[in-house]
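Asks: If you want this note's numbering, it's the 1-based position in the sequence shown plus 120.
Cβ coordinates follow ideal geometry from the N, Cα and C atoms, glycine included.
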Amino acid sequence: MQKNITVLSGDGIGPEIVREAIKVLDAVCARFHHTFRYTYVDIGGCSIDKYGVPITEEGMQQCKSADSVLLGAVGGPKWDNCPPAIRPEKALLAVRKELGLFANLRPTRLFPQLASASPLKESIVGDGIDLLIVRELTGGVYFGERRTGEENGDIVAHDDMNYSTREIRRIGRVAFETARKRRGRLASVDKANVLDTSRLWRRVMHELAQEYPDVIYSDILVDNTAMQLIKNPTQFDVLVTENMFGDILSDEASMLTGSIGMMPSASLSEGTLGMYEPIHGSAPDIAGQNLANPIGTILSAAMMLRYSFSLTEEADLIESAVNRALDLGYRTGDIFQPGCTKVGCSEMGDCITACLARI
Ligand code: IPM
Ligand code: MG
């Protein structure tokens, strides 16, 4: 199989973690005789520094014409005071929108070896965590109109949040279909006791639920979800929610896995084009020091093989290799426990690559 992958390493720890994911992808290629061609495109702060914009028009075209996109992370304090129109994050949102990546899958899995690395008690996470957050990614308050201006002698800021039935239905379908292939339970997260967008969300989800009688469906308010994720996380299978709730809840859920550095994501379109990225940020405080955890990015690469290329065996192999490296006791600083072997970002990539070759 031959595939063209556009690589957006980005800022901070982005280039380090992406390098390790590509190491692992190359090992997969060697073993299964695939050819992946990588085209590197600047995104975020590094692109602002070079071109004055967080992604160039050619860069965007390169993403659109690829078979899939692999992303590290964007942003950092250096660009915090850029005008909103050219902030690093703006490029990420633009890529999501222009590529039509409306469905963001954020699997939250605790490898049993890391049960004591989670800040939560083992009595809460010990039985194993395996839930999936389906986050709507191209609508809601992230993409509504924004403005700040003077009104009646004061300064007022507006961020419009809107959702159409069409947008809700298409993410709902992804969630129901995914739940069907997992443990058959879907919780839809909203704030229907306050927001109109949530009331519409709930109405459309209820209509869909009629079409999926085999899926056990429930509604849950977002504030309660935040609590239940800590109190009793094993009750969840698939959670579906709007853009900003999904952003917030997925950072919270990442702690169930031991570290935010463990959590991958896939952003999917109606077709096979997808973008794959860890859910964490650019971690400028540890950038360039070989301290980052590349596992979230490596697991994102596995999702790329699974969802964009339908290479199930290869994706399973990457996940097994990560599991094996953890079995052998290799840990980056964020998931380190006494008795384990502390390794840097590149060594973790090497360990996983070596494990992959031996399975
Ligand atoms: C994420 C990130 C982004 C988001 C930021 C960097 C714009 O937090 O992917 O979760 O809010 O979507
Ligand atoms: Mg986030």
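1) Using the Cα positions of residue 422 and residue 152, report the straight-line distance between them to the nearest angstrom.
2) Just to confirm before moving on: does the CB-CB distance between residue 166 and residue 126 stay below 9 Å?
3) Should the segment 373-387 be called in touch with the segment 238-252, which here means at least 3 C-beta pairs below 8 Å?
4) Is there contact between the segment 178-197 and the segment 385-405, where contact requires at least three CB pairs shorter than 8 Å?
5) Can you tell me whether residue 194 sits near the ligand IPM, meaning its C-beta is under 8 Å from at least one heavy atom of the ligand?
6) By Cβ distance, which residues of its chain are closer than 6 Å to residue 460, with the 5 residues on each side in sequence left out?
7) Among 123, 248 and 431, which residue has its Cα nearest to the Cα of residue 155?
8) Looking only at C-alpha atoms, which of 311, 335 and 262 sits nearest to residue 343?
9) Identify every residue that forms a DSSP beta bridge with residue 355.
10) Are residue 249 and residue 354 touching if we call contact CB-CB under 9 Å?
11) Count the other C-beta atoms from every protein chain shown that fall within 10 angstroms of the C-beta of residue 157, then say buried if there are 16 or more, exposed otherwise.
12) Counting pairs of Cβ atoms below 8 Å between the segment 297-315 and the segment 356-367, do you hit three or more?
13) Return the CA-CA distance between residue 210 and residue 287, expressed in angstroms with no decimal places.
14) In this structure, what does DSSP give as the bridge partners for residue 450?
15) What residues in its chain sit with their C-beta under 7 Å from that of residue 364, if we drop five residues either side in the sequence?
16) Consider the C-beta atom of residue 253 and the heavy atoms of the ligand MG; say whether any pair is separated by less than 8 Å.
17) Once DSSP output is grouped into helix, strand and coil, what is the label at residue 283?
18) For residue 478, which option in 465, 321, 283 and 438 has the closest C-alpha, if you only look at C-alpha atoms?
19) The alpha helix (DSSP H) with residue 152 in it runs from where to where?
20) Only counting the same chain, and skipping five residues up and downstream in sequence, which positions put a Cβ closer than 8 Å to that of residue 186?
21) Considering only the alpha carbon of each residue, which of 164, 370, 252 and 244 lies closest to residue 212?
22) Whose C-alpha, out of 453, 458 and 468, is nearest the C-alpha of residue 445?
23) Determine the burial state of residue 307: buried for a count of at least 16 other Cβ atoms within 10 Å of its Cβ, exposed for fewer.
24) Just reading off the beta strand (DSSP E) that residue 336 is part of, what are its end residues?
25) Distance, Cα to Cα, residue 474 vs residue 219?
26) Using C-beta distances below 7 Å, list every residue in its chain close to residue 346, excluding the 5 sequence neighbours before and after it, in chain order.
27) In the DSSP assignment, find the unbroken alpha helix (DSSP H) run with residue 325 in it and report its ends.
28) In or out: residue 130 buried (at least 16 other Cβ within 10 Å) or exposed?
29) Any residue with its C-beta under 5 Å from a non-hydrogen atom of the ligand IPM counts. Can you list them all in chain order?
30) DSSP beta-bridge partners for residue 310?
31) What distance in whole Å lies between the Cβ atoms of residue 412 and residue 465, which are believed to be in contact at a cut-off of 8 Å?
32) Residue 270 to residue 279, Cα distance in whole Å?
33) Compute the beta-carbon to beta-carbon distance between residue 245 and residue 230, rounded to the nearest angstrom, for a pair I have assumed lies under 8 Å.
34) Using only alpha-carbon positions, find the residue among 135, 141 and 148 that is nearest to residue 433.
35) Less than 7 Å between C-beta atoms, sequence neighbours within five positions excluded: which residues of the same chain meet that for residue 235?
Replies: If we stick to the structure as given:
1) Looking up residue 422 in the sequence shown gives position 302. Looking up residue 152 in the sequence shown gives position 32. The alpha-carbon separation between residue 422 and residue 152 amounts to approximately 14 Å.
2) Indexing the sequence shown from 1 puts residue 166 at position 46. Indexing the sequence shown from 1 puts residue 126 at position 6. The criterion of a C-beta distance shorter than 9 Å is not satisfied by residue 166 and residue 126.
3) Judged by Cβ distances under 8 Å, the segment 373-387 makes contact with the segment 238-252, as three or more pairs qualify.
4) With a cut-off of 8 Å, the segment 385-405 and the segment 178-197 count as touching, because enough Cβ pairs lie within range.
5) In the sequence shown, counting from the first residue as 1, residue 194 sits at position 74. Residue 194 has its Cβ nearer than 8 Å to a heavy atom of the ligand IPM.
6) If you number the sequence shown from 1, residue 460 lands on position 340. Cβ neighbours of residue 460 beyond the five flanking positions: 449 and 451.
7) Locating residue 155 in the sequence shown gives position 35, counting from the first residue. That would be 123, whose Cα lies nearest to the Cα of residue 155.
8) If you number the sequence shown from 1, residue 343 lands on position 223. For the set 311, 335 and 262, the Cα lying nearest the Cα of residue 343 is the one of 311.
9) What you label residue 355 is simply residue 235 of the sequence shown in a count that begins at 1. Paired residues: none, contrary to the question.
10) Along the sequence shown, read from residue 1 onward, the residue named residue 249 stands at position 129. Along the sequence shown, read from residue 1 onward, the residue named residue 354 stands at position 234. Yes, these two residues count as a Cβ contact at 9 Å.
11) The residue labelled residue 157 in the question sits at position 37 within the sequence shown. Residue 157 comes out exposed.
12) Output reads yes: the segment 356-367 touches the segment 297-315.
13) Along the sequence shown, read from residue 1 onward, the residue named residue 210 stands at position 90. Along the sequence shown, read from residue 1 onward, the residue named residue 287 stands at position 167. Those two C-alpha atoms are separated by around 21 Å.
14) As a working mapping, residue 450 is identified with position 330 in the sequence shown. Bridge partners of residue 450: 461.
15) Translated into the one-based positions of the sequence shown, residue 364 becomes position 244. Here the set comprises 260, 261 and 262.
16) Residue numbering aside, residue 253 sits at position 133 when the sequence shown is read from its first letter. Distances from the CB of residue 253 to the heavy atoms of the ligand MG are all 8 Å or more.
17) Position 163 of the sequence shown, counted from the start, is the residue given in the question as residue 283. In the three-state DSSP reduction, residue 283 falls in the coil class, being neither helix nor strand.
18) Translated into positions along the sequence shown, residue 478 becomes position 358. Ranking the options by Cα distance to residue 478, first place goes to 438.
19) For the purposes of this step, residue 152 is taken as the residue at position 32 of the sequence shown. Here the alpha helix (DSSP H) through residue 152 covers 134-152.
20) The residue you call residue 186 lines up with position 66 of the sequence shown. Beyond the five residues adjoining it in sequence on each side, residue 186 comes within less than 8 Å, by CB distance, of 124, 125, 126, 159 and 393 in the same chain, given in chain order.
21) The residue you call residue 212 lines up with position 92 of the sequence shown. Residue nearest to residue 212 within the set 164, 370, 252 and 244 is 164 (criterion: CA-CA distance).
22) Working through the sequence shown from its first residue, we reach residue 445 at position 325. Per the Cα distances, 468.
23) Along the sequence shown, read from residue 1 onward, the residue named residue 307 stands at position 187. It counts as buried.
24) Numbered from 1 along the sequence shown, position 216 holds the residue referred to as residue 336. Residue 336 -> beta strand (DSSP E) spans 336-341.
25) What you label residue 474 is simply residue 354 of the sequence shown in a count that begins at 1. What you label residue 219 is simply residue 99 of the sequence shown in a count that begins at 1. If you draw a straight line from the Cα of residue 474 to the Cα of residue 219, it comes to about 34 Å.
26) The residue you call residue 346 lines up with position 226 of the sequence shown. Taking residue 346 as the centre and dropping the five residues before and after it, the same chain places the C-beta of 369 and 372 closer than 7 Å to its C-beta, in chain order.
27) For the purposes of this step, residue 325 is taken as the residue at position 205 of the sequence shown. In this chain, the alpha helix (DSSP H) harbouring residue 325 covers 316-331.
28) In the sequence shown, counting from the first residue as 1, residue 130 sits at position 10. The residue in question, residue 130, is buried, as its Cβ has 16 or more Cβ neighbours within 10 Å.
29) That query returns the following residues: 209 and 367.
30) The residue you call residue 310 lines up with position 190 of the sequence shown. Beta-bridge pairing links residue 310 to 341.
31) Position 345 of the sequence shown holds residue 465. Position 292 of the sequence shown holds residue 412. That pair is a contact at about 5 Å.
32) The count along the sequence shown starts at 1 and reaches residue 270 at position 150. The count along the sequence shown starts at 1 and reaches residue 279 at position 159. Rounded to the nearest angstrom, the two C-alpha atoms are 15 Å apart.
33) Here the question's residue 245 lines up with position 125 in the sequence shown. Here the question's residue 230 lines up with position 110 in the sequence shown. 6 Å between Cβ atoms; contact.
34) Translated into positions along the sequence shown, residue 433 becomes position 313. Scanning 135, 141 and 148 for the CA closest to the CA of residue 433 turns up 148.
35) As a position in the sequence shown, residue 235 is number 115, starting the count at 1. These residues qualify, in order along the chain: 242, 245 and 246.
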